[in-house]
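Read the sequence shown against the numbering used here and you will find it ends at 396, with the numbers running on by one and no gaps. Reviewing the structure listed below.
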Amino acid sequence: MSILIDADPGCDDALAILLALESGLDVVGLTTVAGNAPVEDTTHNTLAILEFLDYDLPVAQGADRPLIKRQDTAEFIHGENGIRGELPDPSSRTVDESAAEFIVERAREHGDLTIAALGPLTNLALALSIDPQLPKFIDRVLVMGGAVAHAGNRTPAAEANLHADPDAASRVLQSADPTFVPLDVTSQAILRPQRLELPATARGETIREWLTYYPEDSRKQFDYAGSPIHDAAVIAHLTDSVLTTERSYLQIETDDSPSRGALVSDEFGVASEPANASLATDIDEQRFRDALRGAIETTL
Ligand code: RIB
Ligand code: CA
97 MSILIDADPG
107 CDDALAILLA
117 LESGLDVVGL
127 TTVAGNAPVE
137 DTTHNTLAIL
147 EFLDYDLPVA
157 QGADRPLIKR
167 QDTAEFIHGE
177 NGIRGELPDP
187 SSRTVDESAA
197 EFIVERAREH
207 GDLTIAALGP
217 LTNLALALSI
227 DPQLPKFIDR
237 VLVMGGAVAH
247 AGNRTPAAEA
257 NLHADPDAAS
267 RVLQSADPTF
277 VPLDVTSQAI
287 LRPQRLELPA
297 TARGETIREW
307 LTYYPEDSRK
317 QFDYAGSPIH
327 DAAVIAHLTD
337 SVLTTERSYL
347 QIETDDSPSR
357 GALVSDEFGV
367 ASEPANASLA
377 TDIDEQRFRD
387 ALRGAIETTL
């Protein structure tokens, strides 16, 4: 299984990347997108995370704004410049291609690429417009995004990644048969640092900061028992099949309304439409914690 990670690091993106690499997944490259922070920062953070983990992989910088609307960032959750912890200033650079071009190239090269999309879906939507044949070269697309029965975390109706670029998300939904991994399950993807023996080193402290990135007031606001590592739930499904998924007819609200960016699932089949995607409905929390704990222990 060849995997491309499209991300906007982000503390939970950082742990997702750690999990993918330390679990031995065949990561063929990473692409970056504006999301938790401007794309210059998410790119810098991606290169720095790879150096922190001691991996040398190609990184392509992607979209600096959503397809249509204004950009929105989340440094108030993830820290200044979009990430917490002490990271090296990266010495590596991005490849020359844009993220969208890189996705198309890698998909055509591998023929059965798995894409783990951990931020707004702008790059993937752009890749689909460059190459409408792209779905033929993709095995599956897993997306951290959406809030179905769970309330939204960016607006009352919408989760941050889908709210950031609903037009792109809708484009991906129309042609890539994605699997959405919504807040309904990722809000349970929590690993408390007390369950780990993190050394009192800069490295251990950085990982502790990633695991506890939600500020206290945000954690209380969302009534979370810890900091959900949303993006790592997608990767843990690739390494350890931690999710239960079902086929569903999904829609994304793109109108300028209070529900813009909402993910709507036809749970009872009342729309009488065929399923167009998969939806994660449950997570094995113990398997998730074991997978992430094991990967962190490997990296220490
Ligand atoms: O809503 C959670 C998602 O938004 C995660 O991917 C987080 O990194 C942010 O991008
Ligand atoms: Ca993310």
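Every residue gets a Cβ at the ideal spot worked out from N, C-alpha and C, and that includes glycine. The structure displayed is predicted, hence computed values, not measured ones.
In this structure, residue 329 lies away from residue 377, with their beta-carbon atoms at least 7 Å apart. Separation of residue 310 and residue 303 (C-alpha to C-alpha, rounded to the nearest whole angstrom) is 13 Å.
The three-state reading of DSSP puts residue 211 in strand, counting E and B together. For residue 307, the three-state secondary structure derived from DSSP is helix. Straight across, the Cα-Cα distance linking residue 133 with residue 209 is about 27 Å. In the three-state reduction of the DSSP assignment, residue 129 falls in the coil class, being assigned neither a helical nor a strand state. Put simply, of 265, 343 and 142 the residue whose alpha carbon is nearest the alpha carbon of residue 188 is 142. For residue 179, no beta strand (DSSP E) run applies, since DSSP gives it neither H nor E. Between residue 156 and residue 200, the C-beta spacing is not below 7 Å. Shortest gap from the CB of residue 256 to any heavy atom of ligand 1: under 6 Å. Taking 6 Å as the cut-off, the C-beta of residue 214 counts as close to a heavy atom of ligand 2. A check of alpha carbon separations from residue 260 across 169, 107 and 153 identifies 169 as the nearest. The nearest non-hydrogen atom of ligand 2 is less than 6 Å from the C-beta of residue 106. In terms of side-chain proximity, the C-beta atom of residue 227 is found no nearer than 6 Å to any non-hydrogen atom of ligand 2.
Looking at the backbone, the Cα of residue 165 and that of residue 264 are separated by about 11 Å. One alpha carbon belongs to residue 338, the other to residue 274, and they sit about 17 Å apart. Per the C-alpha coordinates, the member of 162, 229, 295 and 234 positioned closest to residue 256 is 162.
In the structure shown, the three-state DSSP call for residue 255 is coil.
The region 205 to 225 makes contact with the region 98 to 105; the number of CB pairs closer than 8 Å reaches 3 or more. Considering only 355, 171 and 382, the residue with the shortest C-alpha distance to residue 104 is 171. The criterion of a C-beta distance shorter than 7 Å is satisfied by residue 108 and residue 327. Scanning 174, 124 and 370 for the CA closest to the CA of residue 110 turns up 174. Judged by DSSP secondary structure, residue 263 falls outside any beta strand (DSSP E) and instead within the alpha helix (DSSP H) spanning 262 to 271.
In the DSSP assignment, residue 201 falls within the alpha helix (DSSP H) that extends over 195 to 206. In summary, residue 365 is exposed, with fewer than 16 beta-carbon neighbours lying within 10 Å of its beta-carbon over all protein chains present. Within the DSSP bridge table, the entry for residue 347 names 360 as partners.
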